[in-house]
Amino acid sequence: MKLYLFLLGVLSITCSLNAQNSEKNTTETEKKIEVPEILTKVNLLDHVEVGAYTLTFAAVESDGRCPKQVTCVWPGEAHIVIEIHDGTDAVQHRISIPALGFHKEILSTDSHKVYLKNIEPYPIKPDEKLEAYKLLLKIESQNL
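Numbering of the sequence shown is given in this note's numbering, commencing with residue 1116 and proceeding in unit increments.
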């Protein structure tokens, strides 16, 4: 009789532990919420302050991205200059941005990370002269 009660107790504990670890419960708790990216647009010759640093979109040296109305073998890239000023020194960085954009870290501080995503506008016609360039930056806070 004691053996039957012991086996019944072990069986009930096993069933209750399996109920706690069911696949349905774990998949519902592990779902991650997709948070949309918030991008900052910086106009040519404008700056954005990130902590003690100032980022300036200094220049577009060349824009060799393939226009949308043209069939190209290679999508091309744009060459830009970003100036990062830390309060005492200014450093210029020349960066090549692929036509499809990318996710490149350009500044990291104790409180923020800044990623370069892309450049706008994208050329439409072959001989189009673009002037109102904007950088798309993603600024993430590190204090979460």
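We put the beta carbon where it would ideally sit given N, CA and C, even for glycine.
Requested in this report: Starting from the C-beta of S1256, find all residues in its chain whose C-beta is less than 7 Å away, skip the five residues before and the five after it, and write them out in chain order.
Outcome: Position 141 of the sequence shown, counted from the first residue, corresponds to residue 1256. Within the same chain, S1256 has close Cβ partners S1226 and H1227.
Query raised in the report: How about the region 1194-1211 and the region 1235-1245: do they share at least three Cβ pairs that are nearer than 8 Å?
Result: No: fewer than three Cβ pairs fall under 8 Å.
Query raised in the report: Apart from the five residues on each side of it in sequence, which residues of its chain come closer than 8 Å, Cβ to Cβ, to H1187?
Result: Numbered from 1 along the sequence shown, position 72 holds the residue referred to as residue 1187. Before going on, a small fix: residue 1187 reads as Cys here, not His. Cβ within range, chain order: C1181.
Query - Euclidean distance between Cα positions of A1214 and D1204 - result: Residue numbering aside, residue 1214 sits at position 99 when the sequence shown is read from its first letter. Residue numbering aside, residue 1204 sits at position 89 when the sequence shown is read from its first letter. Their Cα atoms are separated by approximately 31 Å.
Query raised in the report: From I1254 to E1192, what distance separates their C-alpha atoms?
Result: Against the sequence shown, residue 1254 aligns to sequence position 139. Against the sequence shown, residue 1192 aligns to sequence position 77. Looking at the backbone, the Cα of I1254 and that of E1192 are separated by about 23 Å.
**Report entry** Minimum C-alpha distance to D1178 - residue among E1220, Y1230 and I1212
**Finding:** Residue mapping note: residue 1178 aligns to position 63 of the sequence shown, counting from 1. Selected option, being the one with the closest Cα: I1212.
Requested in this report: Determine the extent of the beta strand (DSSP E) in which A1174 is found, giving its start and end residues.
Outcome: Position 59 of the sequence shown holds residue 1174. Note, A1174: beta strand (DSSP E), Y1168 to D1178.
Query raised in the report: Whose C-beta lies closer than 7 Å to the C-beta of V1185 among residues of the same chain, with five residues either side of it excluded?
Result: As a position in the sequence shown, residue 1185 is number 70, starting the count at 1. Excluding sequence neighbours, V1185 sits near P1241.
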